[in-house]
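In order, the protein sequences belong to chains A and B.
Going letter by letter, the first sequence gives residues 8 to 259 in my numbering.
Going letter by letter, the second sequence gives residues 1247 to 1577 in my numbering.
Where is the CB? At the ideal position from N, CA and C, for every residue including glycine.
Values in this document were obtained by computation on a predicted structure and should not be read as measured data.
Shown next, in structure tokens, is the structure this report addresses.
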Amino acid sequence: MQTKVTLENLNVHFGSNHAVKDVSLDFPENSVTAIIGPSGCGKSTVLRSLNRMHDLVPSARVTGRIMLDNTDIYDRAVDPVAVRRRIGMVFQKPNPFPAMSIHDNVVAGYKLTGSLKRSDAEDIVESCLKRVALWDEVKDRLKTSAMDLSGGQQQRLCIARTIAVQPEVILMDEPCSALDPIATLKIEELIEELKEQYTVIIVTHNMQQAARVSDSTAFFYMGELIEFGLTKKIFTTPEKRQTEDYITGRFG
Amino acid sequence: MEITKTMTSAMDRETAAAKTAFISGNKAWGDRLFRWLTLGFSASILLILLIMAFEMIKESLPAIRKFGWGFTIGKDWDPVQEQFGALPFLYGSVVSSILAILMATPLSVGTALFITDIAPKKLGGAVSSLVELLAAIPSVIYGLWGVLVMAPWLQKTVQPFLIDHFGFIPLFQGAPYGVSMLAAIFILMIMIVPIITSITKEVLTAVPTAQKEAAYALGATRWEMLRVALLPYARSGILGAVILGLGRAIGETMAVTMVIGNTPQIALSLLAPGYTMPSVIANEFAETTSKLHASVLMEIGLILLVVTLIINIMARLLIWSVTRGNSGRSA
């Protein structure tokens, strides 16, 4: 399988706290990679370094290289805004823009830059909402506030908003942790479909979820990458003792 | 054995005591007293307000009887001839406050954005404390500065410039007096910037990080993030801040009285002197020439009260209509 994103000796510091230690990892294209590990192991930190979200935190320092195709996204010449257009992100808590309608939320990425033709907008809204299986539920109330939707619907709306700007990679930071089991199931089905077109990297606390949705799994502990491999292998015959202990629930 | 028995009986007694306390309602009595006390306090505030309104209406009755509705559209003001019309004061109050708020709002929102989202933390903190310091300056000091420093500067520099370059607009015609409607607008603007800035700052700080990150993750620049995520989320709060500023501007007496020129006229030009409702009350109540004069001032006070009430009601409706269905609700 082709590699889409590569971490080369990634280190992340917050002040004096060394949160991610010398991680090297290849994320395969058009597949789902899960990042698992106990709280505070640095999995979210790794995820957020992939779309340069740490740039917003003054105390954060990222070293090493992150290659997207053949460009280092931390290169001086690279604009973080351009990186985030190519690498979208879905957050832990659904965060639609409350001042916008459902329709406007989907095309929010286009509203940033301004011009978008009305007919184009309608097409984008319909196709994106169909992709996240939300269209039938909201097609009659596109102009109402996004806040009237349930949590699961809001999260699917956020995914629609992310794919609307056509990124290549989608990062998901525990996207189901605020949702009920039925909403979670819908998001998981959606992730399965998304990988046909996108490279999906998902951080999750839920090991069953990692086992269900991902093709590859990376296990992190104390800021270090302990083991990385095909999900099937990680969950059945892990090489490292720590991985096995975590997966079998002996710690974490 | 003996000890266990004593303990048991002690526990029994305690339970019994607890039961009695629960039933007897000793605590409930205290709660009731406290409830009546707080109710009394809040009722007294309402009562004071009612008494005030009642007294004002009673005292202004002679003026109301004499001039009727014509008072609010009358333009003449001559205490000696007992000619009274409130329009110049209404006009002065409304125009100075509204123009001041129009100028202060962008300045304040910009400052607040700088403090919360653009400046490095330390610099932002410093600017923020300075702004709050401005709010603590007594209005008479603003007035003194206005009349001794700002008005001469307006007269020598700003107004001649406006007359020379924008004199074709009626707003900037006439002679440069210094003390003028323009001076009042400037001083009001300076005085309400701190209040709008500090409330807006609080509102912006309360916007969840998730909202900002949502915009950044879509590839927003800082400016786009402000426009798409931050300001829409905060807009009802900002609107509230602006309305509070407007309330302050319309009631401001001292500083305005010192710089507006106190001439009861309706001039289209901002360079001409004007008058406001609070100013005429402050200037004339101590030297009223007749019972009717005093009554007229009372009626102006009443109008000021009503105008303030209307502004507040409009503000609430505005905030309500903006909040309904979108921002203000948490994500």
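In terms of beta-carbon proximity, A/Val-114 stays away from the interface with chain B, with every pair separated by 8 Å or more. Taking C-beta atoms as the reference points, A/Gln-162 and A/Ile-194 count as a pair closer than 8 Å. The beta carbon of B/Gly-1483 sits closer than 7 Å to the beta carbons of Val-1449 from its chain, once the five residues preceding and following it are set aside; these are given in chain order.
The residue from B/Phe-1330, B/Leu-1550 and B/Gly-1331 with its alpha-carbon nearest to that of B/Arg-1494 is B/Leu-1550. Separation of B/Ile-1383 and B/Ala-1460 (C-alpha to C-alpha, rounded to the nearest whole angstrom) is 40 Å. For A/Ala-41, the enclosing beta strand (DSSP E) covers residues 39 to 43.
Looking at B/Ala-1350, B/Ser-1306 and B/Gln-1405, the one whose alpha-carbon comes closest to that of B/Ile-1489 is B/Ala-1350. Taking 8 Å as the CB threshold, A/Lys-11 stays off the interface with chain B. When Cβ-Cβ separations below 8 Å define contact, A/Gly-158 makes no contact with chain B. Between B/Ala-1429 and B/Leu-1394 a beta carbon distance of about 12 Å is seen, past the 8 Å cut, so the two are scored as non-contacting. Judged by their CB atoms, B/Gly-1314 and B/Leu-1333 are not nearer to each other than the 8 Å cut-off. Straight-line measurement puts the Cα of A/Glu-203 at about 6 Å from the Cα of A/Asn-37. Scanning its chain for C-beta atoms nearer than 7 Å, with the 5 sequence neighbours on each side dropped, one finds around A/Thr-250 the residues Phe-226, Ile-233, Glu-234 and Ile-241, in chain order.
Of all residues in the stretch 1464 to 1478 of chain B, only Leu-1464, Gly-1465, Ala-1466, Thr-1467, Glu-1470, Val-1474, Ala-1475 and Pro-1478 place a beta-carbon less than 7 Å from a beta-carbon of chain A. About 6 Å separates the CB atoms of B/Val-1502 and B/Ser-1525; that is less than 8 Å, so the two are in contact. For the C-beta of B/Ala-1365, not a single chain A residue is nearer than 9 Å; the gap to the nearest is close to 12 Å. Using a Cβ-Cβ cut-off of 8 Å, A/Lys-50 does not count as an interface residue toward chain B, since no Cβ of chain B sits closer than that to its own.
For A/Tyr-253, the enclosing alpha helix (DSSP H) covers residues 248 to 254. Close CB contacts of A/Arg-93 within its chain, under the 8 Å cut and outside five residues either way in sequence, are with Leu-75, Pro-174, Glu-175 and Val-176 (chain order).
Burial of B/Ala-1463 is indicated by the presence of at least 16 other C-beta atoms within 10 angstroms of its C-beta. The alpha helix (DSSP H) runs of length 4 or more contained entirely in the stretch 61 to 118 of chain A are, from start to end of the chain, 87 to 93 and 109 to 113.
The beta-carbon distance between A/Gly-230 and A/His-25, rounded to whole angstroms, is 6 Å. This is short enough to meet the 8 Å contact definition. Residue-level contact by beta carbon fails for B/Ala-1487 and chain A, as no gap is shorter than 8 Å. Within the DSSP secondary-structure output, A/Tyr-228 pairs in a beta bridge with A/Glu-231. Under the 8 Å criterion on CB atoms, A/Arg-138 is classed as non-interfacial with respect to chain B.
Contact with chain B is found for A/Met-60, since one of that chain's Cβ atoms lies less than 8 Å from the residue's Cβ. Under the three-state reduction of DSSP, B/Ala-1513 is assigned to coil, being neither helix nor strand. Separation of B/Thr-1509 and B/Ile-1559 (C-alpha to C-alpha, rounded to the nearest whole angstrom) is 30 Å. Taking a Cβ-Cβ threshold of 9 Å, the residues of chain A close to B/Ala-1460 are Met-96, Phe-98, Asn-102, Pro-103, Phe-104, Ala-115, Cys-165 and Arg-168, in chain order. One alpha carbon belongs to B/Pro-1519, the other to B/Pro-1422, and they sit about 10 Å apart. Judged by pairs of C-beta atoms under 8 Å, the stretch 100 to 111 of chain A does not touch the stretch 57 to 67 of chain A, as fewer than three such pairs exist. Chain order gives the chain B residues near A/Arg-91 as Tyr-1462, Ala-1463, Leu-1464, Gly-1465 and Ala-1466, where near means a beta carbon separation below 9 Å. When rounded, the separation of the alpha-carbon atoms in A/Thr-191 and A/Arg-138 is 16 Å.
Pairwise C-beta distances place the stretch 79 to 97 of chain A out of contact with the stretch 139 to 149 of chain A, as fewer than three of them are shorter than 8 Å. Restricting attention to beta strand (DSSP E) runs no shorter than 3 residues, the stretch 1324 to 1380 of chain B encloses none. In the structure shown, the three-state DSSP call for B/Val-1453 is coil.
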